[in-house]
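Residue numbers (our numbering): 282 to 370.
Listed below in structure tokens is the structure:
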């Protein structure tokens, strides 16, 4: 039985691509929902509260998640680059 030490650089790069892709999807969904909410005919206190909560809480949290996924993608890519450099020397 052989043991594996190090990293499958290709797999980590693929993971980074997926992380960025999913971050883009989250941003796209957030933007689409925001646009849809802007065009919903809805007035009154409940509407104002809902829109405020969407913009101030939910959309912000989605953006935070997307940013975290992009940060993770960057770290994964950096780790893959470092592994590649270490393996080349």
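C-beta atoms are modelled at their ideal positions from N, C-alpha and C, and glycine is treated no differently. Since this is a predicted model, take the numbers as computed values, not measurements.
Residue 306 and residue 339 have their alpha carbons spaced roughly 15 angstroms apart. Secondary structure note for residue 352: its alpha helix (DSSP H) is the uninterrupted segment 340–369. Buried is the label assigned to residue 311, since at least 16 other Cβ atoms lie within 10 Å of its Cβ.
Residue 305 sits in a helix when the DSSP states are folded into three classes.
When the beta-carbon positions are compared, residue 367 and residue 300 stay at least 8 angstroms from each other.
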